[in-house]
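Numbering (full-length UniProt numbering), first residue to last: 1 to 209. Idealized CB from N, CA, C, for every residue including glycine. In this text the structure is predicted, and so the values were computed from the model without any measurement.
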């Protein structure tokens, strides 16, 4: 599905991107919270690859950036050089989260910001995330902002969606949708983190599973 011209700027990670000041802070928060700075990382629904780029700046992680849209991947590749990231530093994968071409237990850190409203099958996606997550690994999946931002900054960044779009983009977290999907996926080692900054699913795979 082609990306409309009016939406292409969202895939160009420049200083004018609406979340340009947020991604570096969110990446730093993730690194400092979980301490995963080496091994492998997967950014699901990478879009502009902003998260992957900022994690590459802060860590020695070998990063894979996954997106189902080939045009998004091509636009994301163009964001690497302006941020000083070598083309070999981030590997791009064209695939859906529900069927990822990655080995079992191969990823130490899984991240995804903003892709979950677009998943076709949340239970299948969580099942795949659990499959590729390494023992001792952690996944953080959801939508939101960094706690290193002020509440005022966050409020200014929030999209001004129509009621119809708001309903569509937030359906994934309403009621028991998340807990139902996690249960269906067979995942018990998870927590739902929900506050004024956003909603996230944290999954930790123990060493002994």
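Within the model, the alpha-carbon separation for residue 138 versus residue 61 is close to 14 Å. Scanning its chain for C-beta atoms nearer than 8 Å, with the 5 sequence neighbours on each side dropped, one finds around residue 194 the residues 173 and 200, in chain order. Around residue 29, the same chain offers 146, 147 and 148 as residues with beta carbons nearer than 7 Å, after the five sequence neighbours per side are excluded.
Here residue 39 is not near residue 104, since their CB atoms are 7 Å or more apart.
Taking the CA atoms as reference points, residue 57 sits about 11 Å from residue 80.
Across the structure, residue 129 and residue 89 are spaced so that their CA atoms are roughly 22 Å apart.
Residue range 163-170 is occupied by the alpha helix (DSSP H) that includes residue 170.
At the C-beta level, residue 47 and residue 72 come within 7 Å of one another. The beta carbon of residue 168 sits closer than 8 Å to those of 117, all from its chain and outside the five residues before and after it, given in chain order. Here residue 135 carries a strand assignment [DSSP, helix/strand/coil]. Membership of residue 96 in any beta strand (DSSP E) is not indicated, and neither H nor E is assigned to it by DSSP. Your pair residue 144 and residue 197 checks out as a contact, with CB atoms roughly 5 Å apart and the cut at 8 Å. Taking the Cβ atoms as the reference, residue 66 lies roughly 6 Å from residue 100, within the contact range of under 8 Å. Taking C-alpha positions only, residue 5 is separated from residue 208 by approximately 48 Å. In the same chain as residue 52, and ignoring 5 residues on each side of it, the C-beta atoms closer than 7 Å to its own belong to 43, 46, 63, 65 and 90, in chain order. Ranking 8, 22, 13 and 12 by CA distance to the CA of residue 158 puts 22 first. Residue 81 is bridged by DSSP to nothing; it lacks a bridge partner.
Of the residues 110, 26, 170 and 123, the one whose Cα lies closest to the Cα of residue 134 is 110. Around the beta-carbon of residue 113, 16 or more other beta-carbon atoms lie within 10 Å, marking it buried.
The beta carbon of residue 161 is closer than 8 Å to those of 169 in its chain, skipping five residues each way along the sequence.
Along the length of the region 30-85, whole beta strand (DSSP E) runs at least 3 residues long occupy 40-44 and 62-67, reported in chain order.
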